[in-house]
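Here is the structure we will look at.
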Amino acid sequence: MRIEAVRGDITEQDVDAIVNAANSSLMGGGGVDGAIHRAAGPQLLEECMELRRTDLPDGLPVGQAVPTAGYALRAPWVIHTVGPNRHRGETDPALLAACFTSSLDVADAVGARTVAFPAVSAGVYGWDPAEVARVAVDAVRGWTGDVELVRFVLFDDAVLAAFTRALDAP
Ligand code: AR6
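Read left to right, the sequence shown gives residues 1 to 170 (full-length UniProt numbering).
Right under this line is the structure:
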């Protein structure tokens, strides 16, 4: 598997699946979640609402992942995951690692071979980007399956630098 880190906007990625740093409600929000919903169009929220009515009446638990279509995005799939929220005392790195591995499991299940991730939990949810980068890179390196490319798409230079350092570490 190739793993890379770039600076950019995840909504513009030409990959099979982009991962959304959502919240348990799946009803949208700010940050990357808001950007993905805006770029995908209103059908994305409709599909999320349908998921809540059917499979996920209590919402998506932290560390798990669920797929929807990408609608107006270039990516045919959006994989929604919920990072741990440090402001709520969710400080276990295993929960954050699970976001990355469960998203890759979902990507594999839908046949996605190229996957873009944002820095889950490094924004509103208050994790240190350097820790997110270490956890994310370790989780992806430890995962096995048929995904061929993981691209971390970071919104600013400081977070990109954290991911580049984590990728340079053995
Ligand atoms: N492309 C790539 N990265 C982005 C983009 C983008 N278009 N926009 C923001 N980021 P956050 P969280 C970066 O807060 O911490 C939402 O309201 C951002 O700079 O989006 O997991 C949800 O609904 C940061 O580095 O996600 C939840 O309620 C990273 O994405 C909550 O925020 C993650 O920041 C989730 O918080």
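All C-beta atoms, glycine included, are put in the ideal place defined by N, C-alpha and C. Just so you know, these numbers come straight off a predicted model, no measurement behind them.
Check	Outcome
Nearest-angstrom Cα distance between arginine 38 and phenylalanine 163?	26 angstroms
Under three-state DSSP, which class holds proline 129?	helix
Figure out for me which residue from Asp92, Thr114, Asp146 and Ala158 has the closest Cα to the Cα of alanine 17.	Thr114
Under 8 angstroms between the Cβ atoms of valine 120 and glycine 83?	yes
Let me check you understand the geometry: is the CB of threonine 11 closer than 7 angstroms to at least one non-hydrogen atom of ligand 1?	yes
Just to confirm, does aspartate 156 get its C-beta within under 7 angstroms of one of the non-hydrogen atoms of ligand 1?	yes
How many Å lie between valine 137 and glutamate 148 at the Cα?	15 angstroms
Find out if the Cβ-Cβ distance for the pair glutamine 13, alanine 107 is shorter than 8 angstroms.	no
Would you check if the distance between the CB atom of threonine 101 and the CB atom of tryptophan 127 is smaller than 8 angstroms?	no
Could I get the ranges of all uninterrupted alpha helix (DSSP H) runs contained in the stretch 100 to 145, with 4 residues as the minimum, in chain order?	129 to 142
Quick one: Cα of alanine 5 to Cα of phenylalanine 152, how far?	5 angstroms
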